[in-house]
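What follows is a set of notes on a single structure, which appears directly below.
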Amino acid sequence: MQKRLKVLLSAYACESGKGSEPGVGWNWVKQIARFHDVWVITRANNRESIERDNVGAPSNVHWIYFDYPGWVRFWKRGQRGVHLYYYLWQIAVYFLARRLHNEIRFDVAHHLTLGVYWMPSFLSLLPMPFIHGPVGGAESAPVAYHKCFTLRGKVHEWIRNAARRMGENDPFVLMSIRRAVLVLAKVGETGNRVFTLGAKRVRVFPESGIGVRDLEDLEESGRGRSDRFVVISIGRLLHWKGFHMGLKAFSGFVREHPSSEYWFIGDGPERGNLETIARGLSIADKVRFFGELPRGETLKRLAESDTLVHPSLHDSGGWVCLEAMALGKPVLCLDLGGPGMQVTKETGFKLRAESSKQTVKDLRDAMIRLAEDSELGRKMGEAARKRVSESFDWDKKGELINEIYQEIVA
């Protein structure tokens, strides 16, 4: 007989209706609460979203909101200073969690977000089994691609690598990894890294999923279709997303299929550079930048497209790939990180990552094959839907999470 546990969760990022870290926090909480009584410590600025979308939710989820006063965090603006603030937030959360434990006596402590292996979770100091993750961050853009980055991109990669090295030498980071009864790694690269740093037990467990209701909604949306071949990329416009390579590949593709279009949904610091590349390649009239769109509108545009291009260089998640697959769209990605685990040769084109020039050629060739062989695209789309349903359905992932909990407390 399975035991119903009292579970303490740390979810710095946790919001409904979103992907990335906020979506990880929200969906993992929902799944864990199917089987156990849950207390979630999260940021106060998530409260509005949680309470808006939590109507009728089970009473066994107890939300504890915490943030430092505004005068303490005046220097934090959006993503600026996020890692420093997160570190300080984790310290305060430990003392809050310790008081809660004295009152409730938890069976398990589990750190969910932020899911970065080189940042600590002080929940590991509590006197109970501690699960860390899913964590990522050990993935790196292959060096051969750095020369095609903007100066901003090169500086970002240098800072990221330096932060990771510093984190690996932080005794609290090592404590979090080594005290965990289990570290869940988003991808194999991170799994190997935390094992090297002293993790007792590591399991590769992708962070992303799709809900059954989402699958039905997405499948319904997927019946829409434009009358031209449309390539689409979705996400923050960052250098490591590789969208510049998608543009260069499209410039070769569109010469043979001039009625085609390339759509970008999202915004970010690389937008200006991408617009400049499009003008330089004389394809600006074929490229549309929609900016940030609500989720519903984003899915509508995705449903109207023919293939998702997601040549990310170090992405441990890849939610948009699962959404595209659920909509029956072939995905073009690199054999790296989360997308490399999600996409198979039956569901899209998973390309080797050797150089920017090679990637551009392979992306162009894949676009041409899909544009000239509609039956191939249809078969890949059907296989993609099936793979998402069988391997990335949230309810099935929730059952696996519960099995992990039961094994640990046993």
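Each residue of the sequence shown is one higher than the last, beginning at 136 in this note's numbering.
In this text, a Cβ means the ideal position worked out from N, Cα and C, and glycines have one as well.
Taking a 10 Å sphere around the C-beta of lysine 165, we find 16 or more other C-beta atoms and assign the residue as buried.
A direct Cα-to-Cα measurement between glycine 516 and lysine 480 gives close to 12 angstroms.
Serine 343 is positioned such that its CB atom lies no closer than 7 angstroms to that of tryptophan 163.
Rounded to whole angstroms, the separation of the alpha carbons of leucine 231 and leucine 469 is 42 angstroms. Residue state for isoleucine 503 is assigned as helix, using DSSP reduced to three classes. One thing to note: aspartate 402 has its Cβ within 7 angstroms of the Cβ of glycine 426.
The three-state reading of DSSP puts leucine 319 in strand, counting E and B together. For valine 196, there is no enclosing alpha helix (DSSP H); the enclosing beta strand (DSSP E) covers residues 196-201.
By the CB criterion at 7 angstroms, serine 259 and methionine 301 fall outside the cutoff. In the DSSP assignment, leucine 144 falls within the unbroken beta strand (DSSP E) covering 141-146. Excluding sequence positions up to five before and after tryptophan 161, its CB lies within less than 7 angstroms of the CB of Cys149, Glu150 and Ser151, all in the same chain and listed in chain order. Between the alpha carbons of tyrosine 222 and glycine 512 lies a gap of roughly 45 angstroms. Considering only Phe307, His392, Met380 and Val251, the residue with the shortest C-alpha distance to arginine 328 is Val251. Taken through DSSP and simplified to helix, strand or coil, isoleucine 266 comes out as strand.
Under the three-state reduction of DSSP, serine 368 is assigned to strand. In this structure, DSSP gives tyrosine 220 a helical state, which the three-state scheme calls helix. Of the other Cβ atoms in all chains shown, 16 or more fall within 10 Å of the Cβ of arginine 178; this residue is therefore buried. Annotation: arginine 169 to proline 474 spans about 28 angstroms, alpha carbon to alpha carbon.
Excluding the 5 residues flanking it on each side, aspartate 188 has same chain C-beta neighbours closer than 7 angstroms at Ser151 and Gly152, in chain order. When C-alpha distances from asparagine 195 are compared across Gly158, Asp172, Glu183 and Arg522, the shortest belongs to Asp172.
In the three-state scheme derived from DSSP, where H, G and I count as helix and E and B as strand, valine 290 is classed as helix. Between the segment 319-338 and the segment 263-273 there are three or more C-beta pairs closer than 8 angstroms, enough to call the two in contact.
Straight across, the Cα-Cα distance linking glutamine 541 with lysine 138 is about 7 angstroms.
Around the beta-carbon of aspartate 441, 16 or more other beta-carbon atoms lie within 10 Å, marking it buried.
Excluding sequence positions up to five before and after alanine 384, its CB lies within less than 6 angstroms of the CB of Val495, Leu498 and Arg499, all in the same chain and listed in chain order. The three-state secondary structure of cysteine 456, taken from DSSP, is helix. Take the alpha-carbon of alanine 273 and the one of arginine 208: they are about 28 angstroms apart.
Within its own chain, the residues whose Cβ lies closer than 7 angstroms to the Cβ of valine 322, once the five positions on either side in sequence are excluded, are Gly271, Glu274, Val339, Ser451, Gly472, Gly473 and Met476, listed in chain order. When the alpha-carbon of proline 264 is set against those of Ala244, Lys282 and Glu525, the nearest one is in Ala244.
Here glycine 426 carries a strand assignment [DSSP, helix/strand/coil]. Looking at the backbone, the Cα of serine 491 and that of histidine 374 are separated by about 13 angstroms.
DSSP links glycine 271 through a beta bridge to Val251.
When only Cα atoms are considered, phenylalanine 399 and leucine 140 end up about 44 angstroms apart. Between proline 446 and methionine 380, the C-beta gap is smaller than 7 angstroms, which places the two residues in contact.
Looking from the CA of isoleucine 369, the closest CA among Glu410, Ala459, Ile418 and Gly288 belongs to Ala459.
Of the other Cβ atoms in all chains shown, 16 or more fall within 10 Å of the Cβ of isoleucine 167; this residue is therefore buried.
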